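In this note's numbering, the protein residues as written are 4 to 578.
Note that the Cβ used here is the ideal one computed from N, Cα and C, for glycine as well.
Remember, predicted model here, so these are calculated numbers, not experimental data.
See structure below.
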Ligand code: PEP
Ligand code: MG
């Protein structure tokens, strides 16, 4: 039945395909005891579910290795080893034979117990297995109860994925060859799902409240991620109309590609650096294709998230070397140290539950507490820098003490490498992300201790306005064009320039066409964004006079409301 709904378009494009719905079903097994002669039947129900899970995971290992690479396959190999552990089988069998539980209840309880045991162990590697155990347990339980699971990592035909929400790990493990678009009920413009969709250039609409009420799976869906519209079971005329809109969009995108070799320079000669945000070596092709002058943000957390264990120094070194060597010595790459926690979990590490994870143990806070993890990463970055030009950037800094502590650990790594005779990049530049109001207010002090700033407007907006960046209920209040955010940006740029340093921006605002002229006028030196946004931002800058941009920025900084800023900035167009 025809159904239409709206959401927030977060990655430009239009897709038309059948829907696949990811609807995790809550399974709550009945605790009823089995009949005195029922154990045999429950045991075989369990062993069939176990065997089926093994087969499914083996197929996943194969398909993931073939379609997505060895690293993705490793995640499922780890699941296989959990499944084959005899303790798991014995624990569940005992629950059936001795405690007289039915198979689903025995599986649920057994998994809960084993996962809890692992979580209490002191060895961090073993602790991290708890997440694998839960995931495998869920699979066995689904098999035993007949609950269906949709495998996003090996889809067999083109589709649009619809879900209530997608965790970053779910998004990362998606089969991008067959995912033409996605729509979620939750999420906002800067949720990590949105960011990944932009870097993969997959049209996406998030915050589409109620969309799952209209989709049950298998229907044709039009996903208009230019205007944020989702049409389920469209008419033939609608399909034809959107096919045309899609062709126009692709043509415009093609035309912008012609700007690739031209500098990001205003008509009166003021130049800016346009760089790409990447999540790993896989995003480099896009950065090169769209003419990025460097990488302004390498989100290294994906190397950790898309893994079964904390990546070793060698694994990290290999990834960073690939990125830096590919970009070349003329194109600097800013590597952000681990920014995990908040909405970013690790499949193999159980973060303690926190009431306010965005204000909790995340990013640099975790790294300063876990020096072992931090040093592994810093050593890998320093070593990889030899192959090109790397810069290090610390996230979520709120104080000079944190910055100095991080720098001290970096210095320790340098000393170690020197003593070991291992080559590393001696002249590596060090910067911080300015994404907390504290860093904004202290920018003049912090500037003396860094080589550069990069403004993270995704978090800076969230923390300045006290508006959760992922909460759809208050998404209307999440506004990076709020004058408070603009004034913060200006303050940071001015503080860096006064100290002879430069400021970039790697939050989503850097790729927002409404903001390009304002940011240029405020004196931002570098804009780093999803690679595919580079051509349209470049076009805006090339069509500008710097003197006009400055005047525009001045007016915006004097504005009383975000709406006034928007009026001054002018309408936002698609490419
Ligand atoms: C930011 O906060 O603006 C940023 C770039 O970091 P992330 O989106 O990864 O939190
Ligand atoms: Mg951030």
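Contact test: residue i Cβ vs the ligand PEP heavy atom, cutoff 8 Å
| i | result |
| --- | --- |
| residue 462 | yes |
| residue 63 | no |
| residue 398 | yes |
| residue 225 | no |
| residue 272 | no |
| residue 201 | no |
| residue 403 | no |
| residue 511 | yes |
| residue 474 | no |
| residue 345 | yes |
| residue 198 | yes |
| residue 309 | no |
| residue 359 | no |
| residue 280 | yes |
Residue i beta carbon near the ligand MG (any heavy atom closer than 8 Å)
| i | result |
| --- | --- |
| residue 436 | yes |
| residue 508 | no |
| residue 342 | yes |
| residue 459 | yes |
Residue i classed as buried or exposed, judged by whether at least 16 other C-beta atoms fall within 10 angstroms
| i | result |
| --- | --- |
| residue 576 | Low per-residue confidence applies at residue 576: pLDDT is 48, beneath 50, and the placement is therefore not dependable enough to give any value. |
| residue 525 | buried |
| residue 359 | exposed |
| residue 162 | buried |
| residue 370 | buried |
| residue 425 | exposed |
| residue 296 | buried |
| residue 303 | buried |
| residue 406 | buried |
| residue 4 | exposed |
| residue 206 | buried |
| residue 533 | buried |
| residue 200 | buried |
| residue 85 | buried |
| residue 149 | exposed |
| residue 472 | buried |
| residue 451 | exposed |
| residue 493 | buried |
| residue 244 | exposed |
| residue 135 | buried |
Residue i Cβ short of 8 Å to the ligand ATP heavy atom set
| i | result |
| --- | --- |
| residue 300 | The ligand ATP is not part of the structure shown, which contains the ligand PEP and the ligand MG as its ligands. |
Interface flag, residue i vs chain D, CB-CB below 9 Å
| i | result |
| --- | --- |
| residue 42 | The displayed structure is made up of one protein chain only, and chain D is not part of it. |
Q) Using 8 Å as the Cβ pair cut-off and three pairs as the minimum, do the segment 563-570 and the segment 281-293 touch? A) With the cut-off at 8 Å, the segment 563-570 and the segment 281-293 do not touch.
Q | Cβ contact (3+ pairs, closer than 8 Å) linking the segment 18-28 and the segment 477-490 | A | As far as the Cβ criterion goes, the segment 18-28 does not touch the segment 477-490, which means the pair count is below three.
Q.
Which complete beta strand (DSSP E) runs does the segment 251-296 hold, if anything under 3 residues is left out?
A. 276-281
Q. Going along the chain, which unbroken runs of the beta strand (DSSP E) with 3 or more residues stay wholly within the segment 537-575?
A. Taking only runs of at least 3 residues, no beta strand (DSSP E) segment lies wholly in the segment 537-575.
(Q) As an exercise, report each continuous beta strand (DSSP E) stretch of at least 3 residues that is fully enclosed by the segment 380-458, in chain order. (A) Annotation: the segment 380-458 contains the following complete segments of the beta strand (DSSP E) (minimum length 3 residues), in chain order: 393-397, 432-437 and 455-458.
Q: Assess, as a yes-or-no matter, whether the segment 504-521 is touched by the segment 546-562 under the definition of 3 or more beta carbon pairs within less than 8 Å.
A: yes
Q. So does the segment 416-425 actually touch the segment 438-452, counting three or more Cβ pairs closer than 8 Å?
A. The segment 416-425 is not in contact with the segment 438-452.
**Q.** Within the segment 45-112, ranges of the alpha helix (DSSP H) (whole runs, at least 4 residues)
**A.** 73-86 and 89-100
(Q) Does the segment 388-399 come into contact with the segment 349-359, if we say contact requires no fewer than three beta-carbon pairs (one atom in each stretch) closer than 8 Å? (A) no
Q: Spell out a yes or no on whether the segment 332-350 and the segment 95-108 are touching, meaning 3 or more CB-CB pairs, one atom from each, closer than 8 Å.
A: no
Q | Validate contact between the segment 207-224 and the segment 5-21 using beta carbons, cut 8 Å, 3 pairs | A | yes
(Q) Counting beta carbon pairs with one atom in the segment 48-58 and one in the segment 236-256, are three or more of them shorter than 8 Å? (A) no
Q) Is the segment 476-483 touching the segment 399-416, taking contact as three or more C-beta pairs under 8 Å? A) no
Q: At 4 residues or longer, and completely inside the segment 284-371: list those alpha helix (DSSP H) runs for me, N to C.
A: 287-292, 304-308 and 316-330
(Q) Across the segment 318-326 and the segment 277-286, are there enough close Cβ pairs to call them in contact, namely three or more that are closer than 8 Å? (A) yes
Q: Would you be able to state if there are at least three C-beta pairs under 8 Å between the segment 234-245 and the segment 36-45?
A: no
Q. Is there contact between the segment 538-546 and the segment 197-205, where contact requires at least three CB pairs shorter than 8 Å?
A. Touching, no, given that fewer than three Cβ pairs across the two stretches are closer than 8 Å.
Q) Are the segment 304-317 and the segment 266-279 touching, with three or more C-beta to C-beta distances below 8 Å? A) no
Q. On the three-pair Cβ rule with 8 Å, is the segment 30-37 touching the segment 255-269?
A. no
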